[in-house]
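Numbering (the working numbering), first residue to last: 292 to 635.
Backbone N, C-alpha and C define an ideal beta-carbon position, used for all residues, glycine too.
Structure first, commentary second.
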Amino acid sequence: MTAGPTIPRRGVITESMSDYLGSHPGLKYVFFGGKGGVGKTVMAGATALWAAEQGRRTLLASTNPVHSLSGLLDQNVFGKHTPVSGVPKLWAYEIDTRETIERSKREIREKIQWFLKFAEISTKADEFVESATMNPAFEESAMFENMIDLMFKNEYDIYVFDTAPTANARRLLGMSKVYSLWVNKMLKSREEAQSLRQMLSFSKKKEEDPLMDYLVDFQKRMAHARELLTDEQRTAFFFVTLPEALPIAVITRFINWFHEFGIPVGGVIVNMRIDRSMVGADSAEFVRNRLTMQDEHMETIWDLFDGQVRAIVPLFETEVRGVAMLRRLAQAVFAAAAPAAPAG
Ligand SMILES: Nc1ncnc2c1ncn2[C@@H]1O[C@H](COP(=O)(O)OP(=O)(O)OP(=O)(O)O)[C@@H](O)[C@H]1O
Ligand SMILES: [Mg+2]
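Take a look at the structure:
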């Protein structure tokens, strides 16, 4: 951090990406959110590469059902923590979504079966399992749980997640207070029911109650997740946008949600900005028009996110693929001196 108050100057990055990471040395969980196709995966890749090259044990992980890390890195990282060739201290990992969901289904089935037996209901568990698991929200929360398991294991110095489970994090964290009340109520009535059963039975030994164990455990895990995900020394969500209307609208909405729920917003990364020095009067009209359009949307960006813009990344002549290209992107994202937006 710079000493003294920073006087915001419009059109200038006051705290760059590397400033932010420098002033948050305990940062451990980094997420990227934004509209489809804006560059979340490449930003996650560049950030993970940068962290690893700073000497931190880094995991670049994808919890998306549609993975793109193997494509980004040009190597297969599906299903297990895989060392990234040529980058010591960097591992990448695409979670096997199918396997995760199957496992969650098995667990749910066991719980439902146990409960039906406990409640002496003679229905087959299958129907319940079907209705509990045949919806996208189930898959989403299975992936969310998988992500927090990864976080709890604590095997790395820093975790960079490709694609923030934005809606999910918001929903879960937003609900978690209500949810806590609910679980407490459930627990209380379970305890009462249990002591009643014990009183009625001759045996005084405590009955085992997997459902209650599960509720207690689940509540603990959610509380822990909430604690980690709302700690601004440990967690940051960065939002990627293009200098275009729709991606700006999307992150505006996300950022508002996140503030509402106390989830730390690390800042905004503007991607695919056309390099002005490459455009002249003789450039194609198409390119000149796009630059003008970008200039206009940059104004909106400064209006909305002044003080939160951490990097402005140029549009490269090719897609971002492979470690060498990622390194080049990381340079642009973490350039110590943030490029001031050209005046005019
Ligand atoms: N600054 C850039 N210059 C050139 N190409 C870029 C730049 N940033 C990203 N790209 C390319 O744009 C495409 C989209 O990027 P990326 O896959 O990271 O987006 P995403 O937000 O993760 O997309 P999705 O929502 O589908 O997951 C990729 O082909 C990537 O290589
Ligand atoms: Mg992606």
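Quiz prompt | Below 7 Å from a heavy atom of ligand 2 - residues by beta-carbon | solution = K331, T332, N355, S359, D453 and T454
Quiz item: Taking C-beta to C-beta, are F429 and I403 nearer than 8 Å?
Solution: Walking along the sequence shown from the start, residue 429 turns up at place 138. Walking along the sequence shown from the start, residue 403 turns up at place 112. Not closer than 8 Å, so no.
Quiz item: Is V425 buried or exposed, if buried means 16 or more other CB atoms sit within 10 Å of its CB?
Solution: For the purposes of this step, residue 425 is taken as the residue at position 134 of the sequence shown. One detail in the question is off: residue 425 reads as Met in this sequence, not Val. Label assigned to M425: exposed.
Quiz item: Can you check whether the CB of G325 is closer than 8 Å to the CB of V541?
Solution: Residue mapping note: residue 541 aligns to position 250 of the sequence shown, counting from 1. Residue mapping note: residue 325 aligns to position 34 of the sequence shown, counting from 1. Cβ distance < 8 Å, so V541 and G325 count as in contact.
Quiz item: If we count the other Cβ atoms within 10 Å of its Cβ and call it buried at 16 or more, is D566 buried or exposed?
Solution: Indexing the sequence shown from 1 puts residue 566 at position 275. Under this definition D566 is an exposed residue.
Quiz item: Is the distance from the Cβ of V601 to the Cβ of I304 below 8 Å?
Solution: Translated into the one-based positions of the sequence shown, residue 601 becomes position 310. Translated into the one-based positions of the sequence shown, residue 304 becomes position 13. Looking at the sequence provided, one finds Arg at residue 601 rather than Val. Against a cut-off of 8 Å, the Cβ pair of I304 and R601 comes out as a contact.
Quiz item: Taking the DSSP output, what are the residues bridged to P605?
Solution: One-based indexing of the sequence shown puts residue 605 at position 314. The partner list for P605 (beta bridge, DSSP) reads R564.
Exercise. Check whether the Cβ of E385 lies closer than 7 Å to any heavy atom of ligand 1, and answer yes or no.
Key: What you label residue 385 is simply residue 94 of the sequence shown in a count that begins at 1. No, since every heavy atom of ligand 1 falls outside the 7 Å radius drawn around the Cβ of E385.
Quiz item: Are the Cβ atoms of D365 and G557 separated by less than 8 Å?
Solution: For the purposes of this step, residue 365 is taken as the residue at position 74 of the sequence shown. For the purposes of this step, residue 557 is taken as the residue at position 266 of the sequence shown. Not a contact, by the Cβ cut-off of 8 Å.
Self-check item: Cβ pair I592, P534 closer than 8 Å
Solution: In the sequence shown, residue 592 corresponds to position 301, counting from 1. In the sequence shown, residue 534 corresponds to position 243, counting from 1. Yes, Cβ-Cβ distance for I592 and P534 is below 8 Å.
Exercise. On the DSSP bridge assignment, give the partners of L381 in chain order.
Key: Translated into the one-based positions of the sequence shown, residue 381 becomes position 90. Paired residue(s): T349.
Practice problem: With a cut-off of 8 Å on the beta carbons, I'd call V474 and Q510 a contact; round off their distance for me. | Solution: One-based indexing of the sequence shown puts residue 474 at position 183. One-based indexing of the sequence shown puts residue 510 at position 219. Right, the Cβ-Cβ distance comes to about 5 Å (below 8 Å), so this counts as a contact.
Quiz item: Would you report the Cα separation of T293 and F406, rounded to the nearest angstrom?
Solution: Residue mapping note: residue 293 aligns to position 2 of the sequence shown, counting from 1. Residue mapping note: residue 406 aligns to position 115 of the sequence shown, counting from 1. Unreliable positioning characterises T293 in this predicted model, as indicated by a pLDDT of 47, which lies under 50. A coordinate reading is not provided.
Self-check item: Own chain partners of Q599 with C-beta closer than 6 Å, once the 5 adjacent residues on each side are dropped
Solution: For this step, residue 599 is matched to residue 308 along the sequence shown. So the list reads G558 and V559, once near-sequence residues are dropped.
Practice problem: Check the DSSP bridge columns for V507 and list the partner residues they point to. | Solution: Position 216 of the sequence shown holds residue 507. None; V507 has no bridge partner.
Quiz item: Can F369 and E385 be called in contact, C-beta distance under 8 Å?
Solution: Numbered from 1 along the sequence shown, position 78 holds the residue referred to as residue 369. Numbered from 1 along the sequence shown, position 94 holds the residue referred to as residue 385. Yes; because the gap between Cβ atoms is below 8 Å, this pair is in contact.
Quiz item: Can you find a heavy atom of ligand 1 that lies under 7 Å from the Cβ of P605?
Solution: In the sequence shown, counting from the first residue as 1, residue 605 sits at position 314. Answer for P605: yes, Cβ within range of ligand 1.
Quiz item: Are the beta-carbon atoms belonging to Y447 and V321 less than 8 Å from one another?
Solution: Here the question's residue 447 lines up with position 156 in the sequence shown. Here the question's residue 321 lines up with position 30 in the sequence shown. Result no, Cβ atoms of Y447 and V321 do not sit closer than 8 Å.
Quiz prompt | C-beta contact flag for V333 and L620 at 8 Å | solution = Counted from its first residue, the sequence shown places residue 333 at position 42. Counted from its first residue, the sequence shown places residue 620 at position 329. Going by C-beta atoms, V333 is nearer than 8 Å to L620.
Practice problem: Could you say which of G362, F552 and E411 lies nearest to L520 if we only look at CA atoms? | Solution: The sequence position of residue 520 within the sequence shown is 229, counting from 1. L520 has its Cα closest to that of F552, out of G362, F552 and E411.
Quiz item: Looking at the structure shown, is D453 part of a helix, part of a strand, or coil, going by DSSP?
Solution: By 1-based counting over the sequence shown, the position of residue 453 is 162. It is a strand residue.
Self-check item: Contact set for R579: own chain, Cβ-Cβ below 7 Å, skip 5 residues either direction
Solution: Numbered from 1 along the sequence shown, position 288 holds the residue referred to as residue 579. So the list reads V570, once near-sequence residues are dropped.
Practice problem: Let me know the secondary structure DSSP gives G557 once reduced to three states. | Solution: Indexing the sequence shown from 1 puts residue 557 at position 266. Of the three classes helix, strand and coil, the one that applies to G557 here is strand, per DSSP.
Quiz item: When DSSP labels each residue in this structure, what does M292 get in the three-state scheme?
Solution: Working through the sequence shown from its first residue, we reach residue 292 at position 1. Confidence at M292 is low in this model, with a pLDDT of 47, below 50, so the placement of that residue should be treated as unreliable; the coordinate-derived value is given next. It is coil, neither helix nor strand.
Quiz item: Closer than 7 Å: is that where the CB of E610 sits relative to any heavy atom of ligand 1?
Solution: Sequence index remark: in the sequence shown, residue 610 carries index 319 (1-based). Yes, Cβ of E610 sits closer than 7 Å to a heavy atom of ligand 1.
Quiz item: Are the beta-carbon atoms belonging to L350 and H315 less than 8 Å from one another?
Solution: Stepping through the sequence shown from its first residue, residue 350 is reached at position 59. Stepping through the sequence shown from its first residue, residue 315 is reached at position 24. No, they are not a contact pair.
Quiz item: Under the three-state reduction of DSSP, which class applies to P534: helix, strand or coil?
Solution: Against the sequence shown, residue 534 aligns to sequence position 243. Here P534 sits in coil by DSSP.
Practice problem: May I ask you to report which of helix, strand or coil DSSP gives A629? | Solution: Position 338 of the sequence shown, counting from 1, holds the residue named residue 629. Any reading at A629 is ruled out, since the residue's pLDDT is 46, under 50, leaving its predicted position unreliable.
Exercise. State the Cα-Cα distance for the pair P374 and R394, rounded to the nearest angstrom.
Key: As a position in the sequence shown, residue 374 is number 83, starting the count at 1. As a position in the sequence shown, residue 394 is number 103, starting the count at 1. Each residue's alpha carbon lies about 26 Å from the other.
Self-check item: Every unbroken alpha helix (DSSP H) inside the stretch 300-329 [4 residues or more]
Solution: 308-314
Self-check item: Assumed close pair L318, G336 - CB separation to whole angstroms, cut-off 8 Å
Solution: For the purposes of this step, residue 318 is taken as the residue at position 27 of the sequence shown. For the purposes of this step, residue 336 is taken as the residue at position 45 of the sequence shown. Incorrect: roughly 17 Å between the Cβ atoms, too far for contact.
Quiz item: Around the C-beta of F256, are 16 or more other C-beta atoms found within 10 angstroms, so that it is buried, or is it exposed?
Solution: The structure shown does not extend to residue 256, since the chain is modelled only from 292 to 635, so the question has no answer here.
Self-check item: Closest by C-alpha distance to D586, when choosing among A536, F625 and P555
Solution: As a working mapping, residue 586 is identified with position 295 in the sequence shown. Per the Cα distances, A536.
Exercise. Tell me whether N437 counts as near ligand 1, meaning its Cβ is closer than 7 Å to at least one heavy atom of that ligand.
Key: To locate residue 437, count along the sequence shown from 1; it is residue 146. No, the beta carbon of N437 sits no closer than 7 Å to any heavy atom of ligand 1.
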